[in-house]
Amino acid sequence: MPTPEQIGQRCLRAFDQLVPAAQSAFYRIDADLQACDFQLQRMRPQMHADYLAHYRPLDPLQPASCLATGLPVVPLAVGMAHQSSERSQRYGGFLRQHGVIDVVEIIAADKGRPLAGLSLLRRVGEAPFSADELNRLHALQSLLELAAQGLPRASAQAALEQLTPREREIALLLRDGASNKDLARQLDLGLATVKTHLIHLFRKTGVASRSELIARLFLDQPSG
563 MPTPEQIGQR
573 CLRAFDQLVP
583 AAQSAFYRID
593 ADLQACDFQL
603 QRMRPQMHAD
613 YLAHYRPLDP
623 LQPASCLATG
633 LPVVPLAVGM
643 AHQSSERSQR
653 YGGFLRQHGV
663 IDVVEIIAAD
673 KGRPLAGLSL
683 LRRVGEAPFS
693 ADELNRLHAL
703 QSLLELAAQG
713 LPRASAQAAL
723 EQLTPREREI
733 ALLLRDGASN
743 KDLARQLDLG
753 LATVKTHLIH
763 LFRKTGVASR
773 SELIARLFLD
783 QPSG
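Residue numbering for the sequence shown follows my numbering, starting at 563 and increasing by one per position.
Structure, rendered in structure tokens:
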């Protein structure tokens, strides 16, 4: 299974080939509708640090703001139109300071729940995103949603990171429906060893069954 980092990099490369951008970022969206776990492409670290430290609250394209527009692909002008002119002016000053002339945000959701997003930025000397490019991004957005469904939920990521590499491997196989015999065969382990790993995995994550484990690590909701 691809890692979250691999999924992000593949999305960044695919979008860059079809709608080129000077800078881009892929991120997951947590339960509080905050962007997290950013993967940056050609973006200056200082710009991203300034954004996180001072300008994120003014961003008209942060996940909650994008959701408020009702659009899966949100150009900068649309986002700015949904907030006060004073906030838009301050955020526009930040973008100009870093030579950015246009931004578009693509949000991926599953059953209305936002999972991930992708930011595309154009710099001074480049053309803003055209209507044709925005149409292409709308077409690509469904592919981003498919990719995002392979990500663990942001609030479950911490639990995954506490597992050993072997435990993560077992958890991913369980998510895909593997039985104990499947685990033994694919991991070249004895059934007794598989059962021991499962006991440790259940204890570490505070669950009592496979369905609870999958919900805890991958669905971020109580199992039914």
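Even for Gly, the Cβ is constructed at its ideal location relative to N, Cα and C.
Close-in-space but distant-in-sequence residues of the same chain around residue 596 (CB under 6 angstroms, 5 per side omitted): Start at 1 with the first residue of the sequence shown, and residue 596 comes out as number 34. When the five nearest sequence neighbours on each side are left out, no beta carbon in the same chain lies closer than 6 angstroms to the beta carbon of residue 596.
Does the Cβ of residue 690 have 16 or more other Cβ atoms within 10 Å, making it buried, or fewer, making it exposed? If you number the sequence shown from 1, residue 690 lands on position 128. Counting C-beta atoms within 10 angstroms of its own C-beta, residue 690 has fewer than 16 neighbours from the protein chains shown and is therefore classed as exposed.
Please state whether the Cβ-Cβ distance between residue 588 and residue 680 is less than 8 angstroms. As a first step, residue 588 must be located in the sequence shown, where it is residue number 26. As a first step, residue 680 must be located in the sequence shown, where it is residue number 118. Yes; because the gap between Cβ atoms is below 8 angstroms, this pair is in contact.
Where the beta strand (DSSP E) containing residue 676 begins and where it ends: Numbered from its first residue, the sequence shown carries residue 676 at position 114. Counting along the chain, the beta strand (DSSP E) containing residue 676 begins and ends at 675–685.
Does DSSP put residue 623 in a helix, a strand or coil? Within the sequence shown, numbered from 1, the residue matching residue 623 stands at position 61. In the structure shown, residue 623 falls within a coil segment according to DSSP collapsed to helix, strand and coil.
Use the C-beta contact count for residue 603: other C-beta atoms within 10 angstroms, 16 or more gives buried, fewer gives exposed. Walking along the sequence shown from the start, residue 603 turns up at place 41. Answer is buried; the Cβ neighbour count reaches 16.
Would you mind stating whether residue 713 and residue 566 have Cβ atoms separated by less than 8 angstroms? Position 151 of the sequence shown holds residue 713. Position 4 of the sequence shown holds residue 566. Contact annotation: residue 713 and residue 566 have beta-carbon atoms nearer than 8 angstroms.
Do you know offhand how far residue 794's Cα is from residue 757's? Given that the chain is displayed from residue 563 to residue 786, the structure contains no residue 794 and the question cannot be resolved.
When the distance is taken between beta carbons, is residue 677 closer than 8 angstroms to residue 577? Numbered from 1 along the sequence shown, position 15 holds the residue referred to as residue 577. Numbered from 1 along the sequence shown, position 115 holds the residue referred to as residue 677. Cβ atoms of residue 577 and residue 677: not closer than 8 angstroms.
Complete runs of the alpha helix (DSSP H) confined to the region 564–652 [at least 4 residues]: Here the runs fully enclosed are 566–580, 607–612, 625–631 and 638–643.
Output needed for residue 570: all residues of its chain with C-beta closer than 7 angstroms, excluding positions within five of it in sequence on either side, in chain order. Reading the sequence shown from its first residue, position 8 is the one you call residue 570. Cβ neighbours of residue 570 beyond the five flanking positions: 588 and 601.
Comparing C-alpha positions only, which one of 752, 583 and 747 sits nearest to residue 663? Numbered from 1 along the sequence shown, position 101 holds the residue referred to as residue 663. Comparing Cα positions, the closest option is 583.
Within 10 angstroms of its Cβ, does residue 694 collect 16 or more other Cβ (buried), or is it exposed? Here residue 694 is taken as the residue at index 132 of the sequence shown, counted from 1. Result: exposed.
Beta-ladder partner(s) of residue 756, from DSSP: Your numbering for residue 756 matches position 194 in the sequence shown. For residue 756, which the question treats as bridged, DSSP gives no partner whatsoever.
Apart from the five residues on each side of it in sequence, which residues of its chain come closer than 6 angstroms, Cβ to Cβ, to residue 574? What you label residue 574 is simply residue 12 of the sequence shown in a count that begins at 1. Correct list, in chain order: 586, 588 and 603.
With a 10 Å radius around its C-beta and 16 neighbouring C-beta atoms as the bar for buried, classify residue 723 as buried or exposed. Here residue 723 is taken as the residue at index 161 of the sequence shown, counted from 1. Residue 723 counts as exposed, since fewer than 16 other beta carbons sit within 10 angstroms of its beta carbon.
If distances are taken between C-alpha atoms only, which option among 755, 749, 746 and 735 comes closest to residue 773? Here the question's residue 773 lines up with position 211 in the sequence shown. Residue 773 has its Cα closest to that of 735, out of 755, 749, 746 and 735.
Pick from 733, 626 and 615: whose alpha carbon is nearest that of residue 766? Stepping through the sequence shown from its first residue, residue 766 is reached at position 204. When only C-alpha atoms are compared, the closest one is 733.
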